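Worksheet for the structure shown next.
Protein chains: 2
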Amino acid sequence: MQTVLRSPSGKQVIISPAHPVVVIGERINPSGGRRKELAAQMAAGDMTLVREEARRQLAAGAGVIDVNVQSAQVRDEAAALVQAVEAVAQTVDAPICIDSNNGPALAAALRVCPGRPLVNSVSGEEASLARVLPLVAEHRAAVIAMAMDDSGIPNDPQRRLAIAEKIVRRAESLGIPPEDILVDSLTLSVGADAQAAAVTLETIRRIREELGLNLTLGASNVSFGLPLRPAINAGFLFMAIAAGVNCPIVDPMKMRETILVANLLRGTDPHAGRFLAYYRELQRAQPAGQ
Amino acid sequence: MQTVLRSPSGKQVIISPAHPVVVIGERINPSGGRRKELAAQMAAGDMTLVREEARRQLAAGAGVIDVNVQSAQVRDEAAALVQAVEAVAQTVDAPICIDSNNGPALAAALRVCPGRPLVNSVSGEEASLARVLPLVAEHRAAVIAMAMDDSGIPNDPQRRLAIAEKIVRRAESLGIPPEDILVDSLTLSVGADAQAAAVTLETIRRIREELGLNLTLGASNVSFGLPLRPAINAGFLFMAIAAGVNCPIVDPMKMRETILVANLLRGTDPHAGRFLAYYRELQRAQPAGQ
Chain U
0 MQTVLRSPSG KQVIISPAHP VVVIGERINP SGGRRKELAA QMAAGDMTLV REEARRQLAA
60 GAGVIDVNVQ SAQVRDEAAA LVQAVEAVAQ TVDAPICIDS NNGPALAAAL RVCPGRPLVN
120 SVSGEEASLA RVLPLVAEHR AAVIAMAMDD SGIPNDPQRR LAIAEKIVRR AESLGIPPED
180 ILVDSLTLSV GADAQAAAVT LETIRRIREE LGLNLTLGAS NVSFGLPLRP AINAGFLFMA
240 IAAGVNCPIV DPMKMRETIL VANLLRGTDP HAGRFLAYYR ELQRAQPAGQ
Chain B
0 MQTVLRSPSG KQVIISPAHP VVVIGERINP SGGRRKELAA QMAAGDMTLV REEARRQLAA
60 GAGVIDVNVQ SAQVRDEAAA LVQAVEAVAQ TVDAPICIDS NNGPALAAAL RVCPGRPLVN
120 SVSGEEASLA RVLPLVAEHR AAVIAMAMDD SGIPNDPQRR LAIAEKIVRR AESLGIPPED
180 ILVDSLTLSV GADAQAAAVT LETIRRIREE LGLNLTLGAS NVSFGLPLRP AINAGFLFMA
240 IAAGVNCPIV DPMKMRETIL VANLLRGTDP HAGRFLAYYR ELQRAQPAGQ
């Protein structure tokens with residue numbers, strides 16, 4: 000199954016098991032308190048950092064750029080999201096992932112977004128289905144489907160799979176085909192529940208095998224509350240990709256080597272071409288003897 | 000399915016999908032030219048380094064200690080293997096993996112080895128089946144089955160699976176049950192063939208799913224001829240464990256963190272107990288500010 004996104008100039012980005020893993024760069028996101036400067040600029044209508052993050056992520060291997068402007072400082076999300084989407088589209092030629100749970104903001108961004116974007120996200124919650132899917136259908140976009148519903152995030156793979164199926168059916172009833180849906184199997188912390196990652200990995204395997212859908216994943220929650228988070232996050236990303244994830248949402252700067260190695264190992268880097276190019280880049284940055 | 004090994008004192012080591020990954024420590028092996036001192040000591044009947052490597056690997060988390068004495072310097076393999084097996088058994092209380100393709104040496108080592116060892120290895124080659132399986136049956140040992148036969152290493156998962164099935168059937172005809180067989184799906188370099196790791200991972204998945212067997216793997220060949228080998232090897236180990244490997248043969252010193260993270264993520268480290276103990280050990284070794 001192939002999910003086809005398009006960049007502002009019309010260039011295709013194909014997500015499928017046979018293609019290299021496509022990274023959605025997550026860095027244009029002011030939430031979490033770590034990105035105060037980004038939030039302040041967005042609130043002031045200054046797109047300098049947004050453009051810079053778009054460029055840096057593309058250089059680090061991102062194939063799609065997520066754009067999220069939600070923060071307490073941003074009063075008019077629709078206006079800020081439109082501005083940020085336009086800024087990214089003018090700066091890099093990569094498909095955009097419009098990241099909002101605000102219906103009017105999503106609608107406004109979809110109207111101005113060139114190419115074929117991804118919408119982040121719909122869940123199995125009735126309000127979310129009603130808010131997001133008609134917009135996705137109207138704009139013939141692709142969409143991320145989160146495996147949770149009005150009862151929350153199920154703690155077993157079978158129920159997460161059932162939610163994914165429900166979203167697929169609802170989408171089909173609006174004319175959105177299954178290939179335009181990327182499922183996020185959802186990640187909880189293994190610090191809080193020892194089975195959390197195992198449940199996610201089993202969900203990924205079953206969705207891949209039984210539904211054949213393409214799969215995204217935000218991986219960093221897995222290490223919440225634990226030390227050595229980068230090692231845990233990278234390990235989880237390898238395991239998730241082995242299980243079927245082919246379009247993860249990550250920080251491309253932090254996960255660049257992990258993604259290159261994963262593509263090398265899943266057979267989607269012929270002649271190790273991109274891996275060796277990365278190695279030569281490392282060598283140029285750090286000449287022998289230093 | 001549970002593979003049960005026993006240490007010299009009779010302590011069980013259980014290999015199963017529900018138990019933590021069991022590491023077979025590979026460092027007692029003089030081959031490859033990198034271990035000249037080990038080879039020289041073995042040839043001279045000096046077991047100092049053998050004992051030291053056994054202790055160090057156990058401290059780094061190994062659950063089973065592989066013992067291989069094959070090198071050009073060692074003239075009498077049977078005598079050296081017996082001596083090394085006895086030295087390891089006296090030094091650490093862990094099951095031993097007797098690693099030899101020499102029938103008389105294997106027979107001699109099995110006679111003296113306390114506990115319940117693992118034999119490394121049998122293949123689907125007729126000579127290997129005839130040489131190794133009767134010894135495994137006689138000593139009620141467990142055995143590693145390599146997915147290759149007289150035609151070499153097949154380049155597709157279906158044929159590797161068929162060889163594993165053939166070895167299982169032959170073993171059963173001698174009274175060796177499937178739970179006493181760990182399959183090595185075999186690893187070739189992704190530098191030579193872009194699909195090499197993908198074929199191994201698919202073989203692992205299918206053997207796990209269709210035969211339900213426990214799985215070992217020597218992972219380091221995957222990066223042969225490429226730069227940044229530790230990163231590739233660790234990534235491959237994560238992917239192989241995600242696919243079903245639960246008893247890899249590795250250098251426990253180099254792969255300690257990878258194995259701890261993998262157990263954390265596959266749900267076999269309750270309360271992150273071993274992972275956090277490792278982290279505290281790291282902190283003691285490197286106090287804050289250094």
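In order, the protein sequence lines correspond to chains U and B. The first sequence finishes on residue 289 if you use numbering that gives the first Met the number 0, and the numbering steps up by one all the way, no holes. The second sequence finishes on residue 289 if you use numbering that gives the first Met the number 0, and the numbering steps up by one all the way, no holes. Don't be surprised by glycine CBs; every beta carbon is placed ideally from N, CA and C. Just so we're clear, the structure is a prediction, and the values are computed from it rather than from any experiment.
Residue ranges of each alpha helix (DSSP H) within the region 65-144 of chain U, 4 or longer: Those alpha helix (DSSP H) runs which fall completely within the region 65-144 of chain U and span 4+ residues are 76-90, 102-111, 125-138.
Any C-beta of chain B sitting closer than 9 Å to the C-beta of leucine 214/U? The beta-carbon of leucine 214/U is placed no less than 9 Å from the nearest beta-carbon of chain B.
Is DSSP giving aspartate 268/U helix, strand or coil here? Reduced to three states, the DSSP call for aspartate 268/U is coil.
Bounding residues of the beta strand (DSSP E) (the contiguous stretch that carries glycine 211/B): Run containing glycine 211/B: none; DSSP gives neither H nor E here.
I need the DSSP call for arginine 34/U, collapsed to helix, strand or coil. Three-state DSSP puts arginine 34/U in coil, outside helix and strand.
Using the three-state DSSP reduction, which class does leucine 4/B fall into: helix, strand or coil? Assignment of leucine 4/B by DSSP, reduced to helix, strand and coil, places it in the strand class.
Check each candidate in Val189/B, Pro176/B, Lys35/B and name the one with the smallest Cα separation from valine 3/B. Shortest Cα-Cα distance from valine 3/B to any of Val189/B, Pro176/B, Lys35/B involves Pro176/B.
Using beta carbons (cut-off 9 Å, strictly below), is glutamine 289/U in contact with chain B? Because glutamine 289/U sits at a pLDDT of 49, beneath the cut-off of 50, its placement in the model cannot be relied upon, and the following sentence gives the value as read from the coordinates. Under the 9 Å criterion on CB atoms, glutamine 289/U is classed as non-interfacial with respect to chain B.
Determine, using beta-carbon pairs with one atom in the region 143-152 of chain U and one in the region 122-134 of chain U, whether at least three such pairs fall under 8 Å. The region 143-152 of chain U, when compared against the region 122-134 of chain U, does touch it at the 8 Å Cβ threshold.
Using C-beta distances below 6 Å, list every residue in its chain close to alanine 61/U, excluding the 5 sequence neighbours before and after it, in chain order. So the qualifying residues of the chain are Val22, Gly24, Pro251.
Would you give the residue range spanned by the beta strand (DSSP E) that valine 167/B belongs to? Where valine 167/B is concerned, there is no enclosing beta strand (DSSP E), although the alpha helix (DSSP H) it sits in stretches over 156-172.
In chain order, what are the residue ranges of uninterrupted alpha helix (DSSP H) at least 4 long that sit wholly in the region 196-265 of chain B? As far as the region 196-265 of chain B is concerned, its whole alpha helix (DSSP H) runs of at least 4 residues are 228-242, 251-264.
Apply the 10 Å Cβ neighbour rule to leucine 111/B and answer buried if 16 or more other Cβ atoms are within range, or exposed otherwise. The question names leucine, yet the displayed sequence has valine at residue 111/B. Here valine 111/B is exposed, its C-beta having fewer than 16 other C-beta atoms within 10 Å.
Boundaries (first-last residue) of the beta strand (DSSP E) holding glutamine 56/U: Counting along the chain, glutamine 56/U falls outside any beta strand (DSSP E), though it belongs to the alpha helix (DSSP H) covering 47-58.
What residue does the beta strand (DSSP E) around glutamate 178/U start on, and which one ends it? For glutamate 178/U, there is no enclosing beta strand (DSSP E), as DSSP marks it with neither H nor E.
Verify the CB distance criterion: does leucine 210/B have a CB-CB separation below 9 Å to chain U? Leucine 210/B does not count as touching chain U.
Alpha carbon to alpha carbon, what distance is there between proline 94/B and aspartate 65/B? Taking the straight line from one Cα to the other gives about 9 Å.
The beta strand (DSSP E) spanning glutamine 11/U covers which residue range? For glutamine 11/U, the uninterrupted beta strand (DSSP E) run begins and ends at 11-14, by DSSP.
Is the beta carbon of proline 247/B sitting closer than 9 Å to the one on leucine 259/B? Not in contact: proline 247/B and leucine 259/B (Cβ atoms no closer than 9 Å).
Cβ-based neighbour list, proline 229/U, same chain, cut-off 6 Å, excluding 5 preceding and 5 following: Nothing listed; no residue qualifies.
Would you report the Cα separation of leucine 128/B and arginine 255/B, rounded to the nearest angstrom? Computed Cα separation, rounded: 33 Å.
Flag phenylalanine 223/U as yes if its beta-carbon sits less than 9 Å from any beta-carbon of chain B, otherwise no. Judged by the 9 Å Cβ criterion, phenylalanine 223/U is not in contact with chain B.
Please confirm if the region 152-172 of chain U is in contact with the region 187-200 of chain U, defined as three or more CB-CB distances below 8 Å between the two stretches. Yes, they touch.
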